[in-house]
Amino acid sequence: MRARDLSVEQARRAGVALPRAFVLWGAGSVAGLVLLAFPALAQALEWSYYLSLATKALILVLAASALNLVLGYGGLVSFGHATYYGLGAYTVAVLAREGVRQAWLVWPAAVAVAALAALAIGAVCLRTRGLYFIMITLAFAQMVYYFVVSFKQYGGQDGLRAPRTDFGLPLGDAEVYYLSLLLVAASLFFLWRLVHARFGRALQAARDNEVRATTVGFPVYRIQLVAFVISGALTGLAGALMAHHTQYVSPAMLSWPQSGHFMFMVILGGVGRFWAGLLGAGAMVLIEELFHSLTVSWQLYVGLTLLAVVLLAPRGLAGLVEGRRR
Amino acid sequence: MPVSLVLEQLLNGLQFGLMLFLLSAGLTLVLGMMDVVNLAQGSLYMLGAYFAATLAAATGSFWAGLVGAVLATALVALLLEASVLRRVYGADHLTQVLATFALILVFNEAVRALWGPQALLLSVPPELARPVTLLPGLSYSAYRLTVIGAGALLAVGMFLFIHRTRVGMWVRAGASNRRMAQAMGVPIRRVFTGVFVTGAALSAVAGALLGPIFAVQVGMGEDVLILAFVAIVIGGIGSVKGSLVGSLLVGVVDTAGRAFLPSAFGLLFAPEVASNLGPTVASVLIYLLMAVVLFVRPRGLFPVHG
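The listed protein sequences derive, respectively, from chains A and B.
Going by this note's numbering, the first residue of the first sequence is number 10, and it counts up by one from there.
Going by this note's numbering, the first residue of the second sequence is number 999, and it counts up by one from there.
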């Protein structure tokens, strides 16, 4: 896009932004109130299943949004994000097995393990581009998968029970929901600030034209690596939350179909749109629930739906919402 | 360690590598020519095995099952190319990965719905269900030997086809520069359909031949698919020679690693460490190989595009 097009586009956006912002804030506050009151509502109506579903959706929103940072804003197709998700979850379970259940130790450890893995893997993978990047992220994910499965004392193929960590008071289902809500909201706020800061602009510039971004003077490799590590760390946080939610971890959390599912949520929401993670993960949970309740072969219909989305609405739900604005 | 055991494992590696090549050849040409990532190739391999098991049970002949499976899978591939693949040519890799990933879900569930969740039985044809003595002290399964022969024959046939015929020249031209080939009058679209269907048929051969060795079950395509991808990335995307070298490397390294590493580590480390470390390193070995190859030669061993 030429410089002139860009300024016209920005002016046009600013013009629509004001009345839109008003509507968005209104809708946002209503949604926020519903989310805050949801556990009480669920208890009153004996909807414990829906509370669990809502917690799961919140956690997947975090994972998908974290992936969207590298996939959408960075243009880096990571086919191995299940690694960071699984490592975050396994950190919680393994530490619990070893008798460490203090929350102030376990949570930072889970995020740190995922971040370190992302740093090491990203440092190698980011030297390649395109298809080779897809395949090498997948290769590393497979390595970590087999590595974790080989630890028989931590469950191997069978997975591992993950008792919840201790905040000084026991964590019930409602507390896990609030914890998820808090962490997801904080992470989304952080990501929002990040992608609208200089860092986020540079990341997008490198996605759109790497040669130009390098020539302008951006340290492209370092920017992409930082984005990769942040994305991995937040995905690890999502994994830790999921371990608290289900109180069980399994190698499936590290498997490549799991990575594919995260990618699907992002593309369903709309790659590179900020709300892609929220829309995509929410829609995915709803679609799965819907077909799950209707038929045994629900994955068949989930697959067909996703195929239709990829072929018919390649810009995802966010693209549909935005309509013809572009 | 006895020499016969080493030879036997090398033959197993060769056999697995050749079957992997049947999958990766189609994959690498589709990728090299049309720049299409097709994750559903593993599903075609699975379909081949299911068709073979069903038809073999119905006709009572393994070979009738094999031929029928190849034809049926080629037909499915033809429909697949016309309905889905054709729509993602020219799309970005992300779209292709997701579209074909959706196909995996669809195929897996469709197979589960049609054939049920339990694994099917596909038995070795009776005339091959005995070992043959290759060397004094080395007897080897006649069936596996036949698989090696079939794989080698198909590989040679494919090389002759690609390097000695006009259509093969079109395929090579398309893989190295699609637009230029198109400008020179190569009917790329039709060649591509042919390559895709042939690739699917070869995958079906691999699925049917490996059926008696591995289990015929839902999800069998995914593991093999990833190994095939590793093979073509090692070999260099778009190169048939590269995919053969990559497949053989992956087959031999994977098989030999699983067979020998645990006992090799037993010599170096304490038993409890070795029993954990051996299998882990063995399953990680090929991914390590791929990471090292990409680090040293980012475009694989036999790069095609200039």
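We put the CB at the ideal spot given by N, CA and C, even for glycine.
Within the region 1216–1231 of chain B, those residues whose Cβ lies closer than 8 Å to any Cβ of chain A are, in chain order, E1220, I1224, F1227, V1228, V1231.
In the same chain as G165 of chain A, and ignoring 5 residues on each side of it, the C-beta atoms closer than 6 Å to its own belong to V158, in chain order. Look at the region 291–318 of chain A: the residues with a C-beta under 7 Å from a C-beta of chain B are S306, Q308, L309, V311, G312, L313, L315, L316. Here T314 of chain A carries a helix assignment [DSSP, helix/strand/coil].
In this structure, the beta-carbon distance from F1300 of chain B to G1209 of chain B does not fall below 7 Å. In the DSSP assignment, Q111 of chain A forms a beta bridge with A:D175.
The DSSP-derived three-state label of T1163 of chain B is coil. With a beta-carbon spacing of about 14 Å, F1263 of chain B and A1254 of chain B fall beyond the 8 Å limit used to define contacts. Taking 7 Å as the cut-off between beta carbons, the residues of the region 1258–1285 of chain B near chain A are N1274, P1277, T1278, S1281, V1282, Y1285, in sequence order.
The region 1172–1246 of chain B contains, as complete alpha helix (DSSP H) runs of 4+ residues, the segments 1176–1181, 1186–1208, 1218–1233 (chain order). The closest CA to that of I143 of chain A, considering only B:I1224, B:L1158, B:F1014, is found on B:I1224.
With respect to the 7 Å criterion, M262 of chain A and A98 of chain A are classified as neighbours on the basis of their beta carbons. Judged by DSSP in its simplified three-state form, Y93 of chain A adopts helix. Taking 7 Å as the cut-off, the Cβ atoms of L104 of chain A and V115 of chain A count as close.
When Cβ-Cβ separations below 7 Å define contact, E1107 of chain B makes contact with chain A.
The Cβ of F1212 of chain B sits no closer than 7 Å to any Cβ of chain A. Take G1219 of chain B, set aside five residues on each side of it, and the residues of its chain with a beta-carbon closer than 6 Å to its own are G1040, S1041, Y1043, M1044, in chain order. Under DSSP, no beta-bridge partner is assigned to S1281 of chain B. Around the beta carbon of P48 of chain A, a 10 Å sphere encloses 16 or more other beta carbons of the protein chains shown; the residue is thus reported as buried. Apart from sequence neighbours up to five positions away, the residues of its chain that approach S1139 of chain B with a beta-carbon distance below 6 Å are P1129, ordered along the chain. D1252 of chain B is classed as buried because its beta carbon has at least 16 other beta carbons within 10 Å across all chains shown. Close partners of F1293 of chain B in chain A (Cβ separation under 8 Å): V133, R136. For P1269 of chain B, the three-state secondary structure derived from DSSP is helix. Leaving aside the five residues that flank L147 of chain A on each side, the residues in its chain whose CB is nearer than 7 Å to its CB run, in chain order, F88, G89, W265. In this structure, the alpha-carbon of A222 of chain A lies about 12 Å from that of R231 of chain A.
With respect to chain B, the C-beta atom of Q151 of chain A has a partner C-beta closer than 7 Å. Taking the C-beta atoms as reference points, V1214 of chain B is found no nearer than 7 Å to L1092 of chain B.
Each residue's CA atom was taken as its position, placing A290 of chain A and V1068 of chain B some 39 Å apart. Contact between A1206 of chain B and L1064 of chain B holds: CB atoms are separated by about 5 Å, below the 8 Å threshold. Around the beta carbon of W34 of chain A, fewer than 16 other beta carbons sit within 10 angstroms, so the residue counts as exposed. When the alpha-carbon of L309 of chain A is set against those of B:L1143, B:P1185, B:R1295, B:L1103, the nearest one is in B:L1103.
About 5 Å separates the beta carbons of Y1285 of chain B and Q151 of chain A, which is inside the 8 Å limit, making them a contact pair. Between G1030 of chain B and the set B:V1238, B:T1278, B:S1245, the nearest pair of CA atoms involves B:V1238. Note that the region 1045–1059 of chain B does not touch the region 1150–1170 of chain B; fewer than 3 beta-carbon pairs, one per stretch, sit closer than 8 Å. Below the 9 Å Cβ cutoff, chain B contributes L1096, F1099, A1100 as neighbours of F273 of chain A, in chain order.
When secondary structure is reduced to three states using DSSP, V258 of chain A falls in the strand class.
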